[in-house]
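S.K.: Quick one: the structure is below, questions incoming.
Protein chains in written order, with our numbering: chain R, 1 to 295; chain A, 1 to 372.
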């Protein structure tokens, strides 16, 4: 049971990053290989504000989110827009170029030594009916779910959300009714960057802040997004939570003979396996709709 | 420019190139010979990946994994894995392990080609990316077979040519690096010739048909399954050969010898070199080997305006000070590399081969438009 709770917490982080990937893929058709690095960069910005400039936690948090949003919008307009309509390969290489450059920048500016970023939720642990839960885990789950709900409300009930959805589904017709499609897509990137920032800030307290922090998380996020359906936001969230719980359960089950082949090093390959199996068996994922191509 | 003439020019150029490669070591330092040996190794991998991505249009971000398979096959065949509790005792001379490395990797490629039939475009990129990222972890897990985290050391083993006794060919003694250079470049030239043979007739056309339009290809009778699997198998075999050579050149293999960065660089090399063009790949190989080194040595601080000096701090509101270190500081070369990559995708989306082709088109257009 304990593993389920911890799994939900790490799953929440995967869900946030997976959501970012899904938003970007749905609106611009790009798989952003640099999403993890962007999240790492945002987390370092937050750390700098807190550790070097004495900001208090929540103001730093909000400022980082705002900066990440702007960064995401800028990235779309400057880097992605020129290659948007081009070949898949070109876009892949561009996002990979971003991955390399941002990772390099983080190392260049802040060095490779791990830093400490404290959790805003403190380090208490609660004992609920025999299950030991850390306050950080609870906080993570709460924040993750809270943001998902906020985002859902944004897309469902606001004009901007509607415009973004319209731009993703049918840019041509959206333009005809006056939606400024390019800006909507850029907003999508901004939102995704913000989600990534939250994911990074929530991850740093547990694993330590270093330049490679989000690389594994990115893979798990890919697996979650694929599992849930790469165009389905709900799927990304469910997929993330499921994956988090699954991986933790496997760790727990190693005490039983049936599962003792599993070890920590196999977490990533298991995620890979999830990606492969889902793509082969049901490419649209749990919640996605199968893609139909016109000939 | 009749096709016949172009072909003759191509042959002549190739012959010149072979001669150039053969005599180059006499003019360059020993260290540079080793560097160019690595360029040759990358070229082999790029030739293979080009068949898959350039000709058949399947994106693979995981060819480092096939190189790893080839490299480990080579190492295990040479040094054996008994010391870790594995079943094999090794003892095969390094040169003979190379074709076997290619074979094993090729089979793995064929095996992967089957499930890959269901994936395309971004999804295939994602799946292959995931494979390349998780391979080091999987390698560490199966220690008895692969030597786990510490890998397999080849230095000083009798199977590795030149490690215990000097290399002698045709009564001449070669330095170790020169031997490496000739080994990899003779393999590269053979690989190039084989690729050219594979690609020029039906098979090449079938590959390109798959890339350009799967629907049209199927309607013309080209079996998607067959050619996609074939492309995976061939490209994986090439990567395996490159991997085996890589293991020999490094004189060891461990899980970190074939990181995800390698897979990424290979794809970059193919795209920068130009998809579908064999000559551009040479530039691709040189690019992926030398750009990281070049950006390390550069001091791009000189590009900044005079008012900004090395070590200067700039106050950015909110974020505080931003210090300018030279680009040779850790992480700097990566920034340069990433930015160069993005710029290249903006400026030459078709790679170096694309530029060659444009030039060729311009030239032939002139000839045809002259009134006869």
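Every residue gets a Cβ at the ideal spot worked out from N, C-alpha and C, and that includes glycine.
#1: Around the Cβ of residue 59 (chain R), are there at least 16 other Cβ atoms within 10 angstroms (buried) or fewer (exposed)?
#2: Using Cβ-Cβ distances below 8 Å, what residues of the stretch 101 to 123 of chain R are close to chain A?
#3: Just checking: is the beta-carbon of residue 337 (chain A) within a distance shorter than 8 Å of some beta-carbon in chain R?
#4: Hey, how far is the Cα of residue 21 (chain R) from the Cα of residue 271 (chain A)?
#5: Can you tell me which of the three DSSP states residue 128 (chain R) falls into?
#6: Which bits of chain A does residue 219 (chain R) rub up against, with CB to CB less than 7 Å?
#7: Could you tell me whether the Cβ of residue 365 (chain A) comes closer than 8 Å to any Cβ of chain R?
#8: Report the residue from A:59, A:100 and A:91 whose alpha carbon sits nearest the alpha carbon of residue 89 (chain R).
#9: Between the C-alpha atoms of residue 17 (chain A) and residue 41 (chain A), what's the straight-line distance to the nearest angstrom?
#10: State yes or no: is the beta carbon of residue 79 (chain R) nearer than 8 Å to at least one beta carbon in chain A?
#11: In or out: residue 197 (chain A) buried (at least 16 other Cβ within 10 Å) or exposed?
#12: Can you tell me which of the three DSSP states residue 42 (chain R) falls into?
#13: Quick one: Cα of residue 188 (chain A) to Cα of residue 44 (chain A), how far?
#14: Any Cβ of chain B within less than 8 Å of the Cβ of residue 98 (chain R)?
#15: For residue 179 (chain R), which three-state DSSP category applies?
#16: How big is the Cα-Cα spacing for residue 223 (chain A) and residue 130 (chain A)?
#17: Could you tell me the distance, in whole angstroms, from the CA atom of residue 51 (chain R) to the CA atom of residue 98 (chain A)?
#18: Go through its chain and collect everything with a Cβ distance to residue 304 (chain R)'s Cβ below 6 Å, but skip five positions before and after it.
#19: Pick helix, strand or coil for residue 315 (chain A), following the three-state DSSP scheme.
#20: From the beta carbon of residue 94 (chain R), is the nearest beta carbon of chain A less than 8 Å away?
#21: Measure the C-alpha to C-alpha separation of residue 363 (chain A) and residue 347 (chain A) and round it to an integer number of angstroms.
#22: At a CB-CB cut-off below 8 Å, which residues of chain R make contact with residue 345 (chain A)?
#23: So, residue 232 (chain A) versus residue 279 (chain A), is the Cβ gap smaller than 8 Å?
#24: So, at 6 Å on beta carbons, what are the nonlocal neighbours of residue 148 (chain R) in its own chain, with the 5 sequence-adjacent residues on each side left out?
#25: Could you confirm whether any beta carbon from chain R is found closer than 8 Å to the beta carbon of residue 289 (chain A)?
#26: Would residue 126 (chain A) pass as a contact of residue 91 (chain R) if the rule is Cβ separation under 8 Å?
#27: My understanding is that residue 154 (chain A) touches residue 249 (chain A), with C-beta atoms under 8 Å, so please give their C-beta distance in whole angstroms.
#28: Using a Cβ cut-off of 8 Å (strictly closer), state whether residue 141 (chain A) contacts chain R.
#29: At the 8 Å Cβ level, is residue 342 (chain A) part of the contact set with chain R, yes or no?
#30: By how many angstroms is the C-alpha of residue 128 (chain A) removed from the C-alpha of residue 286 (chain R)?
#31: I'd like to know if the stretch 239 to 254 of chain A and the stretch 98 to 107 of chain A are in contact, where contact means that at least 3 CB-CB pairs between them fall below 8 Å.
#32: Name the DSSP beta bridge partners of residue 152 (chain A), please?
#33: Please work out which residues of its chain come closer than 7 Å, Cβ to Cβ, to residue 57 (chain R), disregarding the five sequence neighbours upstream and downstream, and give them in chain order.
#34: Between which residues of its own chain and residue 337 (chain A) is the CB-CB distance below 7 Å, once the five residues before and five after are set aside?
#35: Under 8 Å between beta-carbons, which chain R residues line up against residue 40 (chain A)? List them in chain order, please.
#36: Check whether chain A comes within 8 Å of residue 330 (chain R), counting only Cβ atoms and requiring the distance to be less than that.
M.R.: In terms of the structure at hand:
#1: Within the first chain, numbered from 1, the residue matching residue 59 (chain R) stands at position 59. Its Cβ having fewer than 16 others within 10 Å, residue 59 (chain R) is exposed.
#2: Listed in sequence order: 101, 102, 103, 104, 105, 106, 107, 108, 109, 111 and 112.
#3: Against the second chain, residue 337 (chain A) aligns to sequence position 337. Chain R, which has a Cβ nearer than 8 Å to the Cβ of residue 337 (chain A), makes this yes.
#4: As a first step, residue 21 (chain R) must be located in the first chain, where it is residue number 21. As a first step, residue 271 (chain A) must be located in the second chain, where it is residue number 271. Near 24 Å, if we compare the C-alpha coordinates of residue 271 (chain A) and residue 21 (chain R).
#5: In the first chain, residue 128 (chain R) corresponds to position 128, counting from 1. Under the three-state reduction of DSSP, residue 128 (chain R) is assigned to strand.
#6: One-based indexing of the first chain puts residue 219 (chain R) at position 219. Per Cβ cutoff of 7 Å: 130 and 133.
#7: Within the second chain, the letter at position 365 stands for residue 365 (chain A). For residue 365 (chain A), the nearest beta carbon of chain R is not closer than 8 Å to its own beta carbon.
#8: Within the first chain, the letter at position 89 stands for residue 89 (chain R). Put simply, of A:59, A:100 and A:91 the residue whose alpha carbon is nearest the alpha carbon of residue 89 (chain R) is A:59.
#9: Taking the second chain and counting its residues from 1, one reaches residue 17 (chain A) at position 17. Taking the second chain and counting its residues from 1, one reaches residue 41 (chain A) at position 41. Spanning the two alpha carbons is a distance of roughly 17 Å.
#10: Walking along the first chain from the start, residue 79 (chain R) turns up at place 79. With 8 Å as the cut-off, residue 79 (chain R) counts as an interface residue toward chain A.
#11: Taking the first residue of the second chain as 1, we reach residue 197 (chain A) at position 197. When all chains shown are included, residue 197 (chain A) counts as exposed.
#12: Your numbering for residue 42 (chain R) matches position 42 in the first chain. Here DSSP, grouped into helix, strand and coil, assigns residue 42 (chain R) to helix.
#13: Within the second chain, numbered from 1, the residue matching residue 188 (chain A) stands at position 188. Within the second chain, numbered from 1, the residue matching residue 44 (chain A) stands at position 44. Roughly 5 Å between the two C-alpha positions.
#14: Any reference to chain B falls outside this structure, whose protein chains are R and A.
#15: The count along the first chain starts at 1 and reaches residue 179 (chain R) at position 179. Assigned with DSSP and collapsed to three states, residue 179 (chain R) falls in coil, not helix or strand.
#16: As a position in the second chain, residue 223 (chain A) is number 223, starting the count at 1. As a position in the second chain, residue 130 (chain A) is number 130, starting the count at 1. Roughly 27 Å between the two C-alpha positions.
#17: Taking the first residue of the first chain as position 1, residue 51 (chain R) is located at position 51. Taking the first residue of the second chain as position 1, residue 98 (chain A) is located at position 98. Cα to Cα, residue 51 (chain R) sits roughly 53 Å from residue 98 (chain A).
#18: No answer is possible for residue 304 (chain R): it lies beyond the span of chain R, which begins at 1 and ends at 295.
#19: Here residue 315 (chain A) is taken as the residue at index 315 of the second chain, counted from 1. Low confidence applies to residue 315 (chain A): its pLDDT is 49, below 50, so where it sits in the model is not reliable enough to give any reading.
#20: As a first step, residue 94 (chain R) is located in the first chain; it is residue number 94 there, counting from the start. Yes - at least one Cβ of chain A is within 8 Å of the one on residue 94 (chain R).
#21: Against the second chain, residue 363 (chain A) aligns to sequence position 363. Against the second chain, residue 347 (chain A) aligns to sequence position 347. If you take the alpha carbons of residue 363 (chain A) and residue 347 (chain A), they lie about 21 Å apart.
#22: By one-based count along the second chain, residue 345 (chain A) stands at place 345. Result: 83, 90, 93, 94 and 97.
#23: As a first step, residue 232 (chain A) is located in the second chain; it is residue number 232 there, counting from the start. As a first step, residue 279 (chain A) is located in the second chain; it is residue number 279 there, counting from the start. No, these two residues do not count as a Cβ contact at 8 Å.
#24: Residue numbering aside, residue 148 (chain R) sits at position 148 when the first chain is read from its first letter. Excluding sequence positions up to five before and after residue 148 (chain R), its CB lies within less than 6 Å of the CB of 237, all in the same chain and listed in chain order.
#25: Counting from one through the second chain, the residue named residue 289 (chain A) turns up at place 289. Judged by the 8 Å Cβ criterion, residue 289 (chain A) is not in contact with chain R.
#26: Taking the first residue of the second chain as 1, we reach residue 126 (chain A) at position 126. Taking the first residue of the first chain as 1, we reach residue 91 (chain R) at position 91. No; because the gap between Cβ atoms is not below 8 Å, this pair is not in contact.
#27: Position 154 of the second chain holds residue 154 (chain A). Position 249 of the second chain holds residue 249 (chain A). Going by Cβ atoms, the distance from residue 154 (chain A) to residue 249 (chain A) rounds to 10 Å, so no, they are not a contact pair.
#28: Position 141 of the second chain, counting from 1, holds the residue named residue 141 (chain A). Taking Cβ atoms only, chain R reaches closer than 8 Å to residue 141 (chain A), which makes this a yes.
#29: Along the second chain, read from residue 1 onward, the residue named residue 342 (chain A) stands at position 342. Using a CB distance cut-off of 8 Å, residue 342 (chain A) counts as an interface residue toward chain R.
#30: Mapped onto the first chain, residue 286 (chain R) falls at position 286. Mapped onto the second chain, residue 128 (chain A) falls at position 128. Cα-Cα distance, rounded: 21 Å.
#31: Two segments are said to touch when three or more pairs of C-beta atoms, one from each, lie closer than 8 Å; by this definition the stretch 239 to 254 of chain A touches the stretch 98 to 107 of chain A.
#32: For the purposes of this step, residue 152 (chain A) is identified with residue 152 of the second chain, where counting begins at 1. In the DSSP output, where bridge partners are listed per residue, residue 152 (chain A) has A:253.
#33: Numbered from 1 along the first chain, position 57 holds the residue referred to as residue 57 (chain R). Only 50 and 120 meet the Cβ criterion.
#34: The sequence position of residue 337 (chain A) within the second chain is 337, counting from 1. 291, 292 and 295, listed in sequence order.
#35: Counted from its first residue, the second chain places residue 40 (chain A) at position 40. What residue 40 (chain A) touches in chain R: nothing, since even the nearest Cβ is about 24 Å away.
#36: Missing from the structure shown is residue 330 (chain R); chain R here goes from 1 to 295 and no further.
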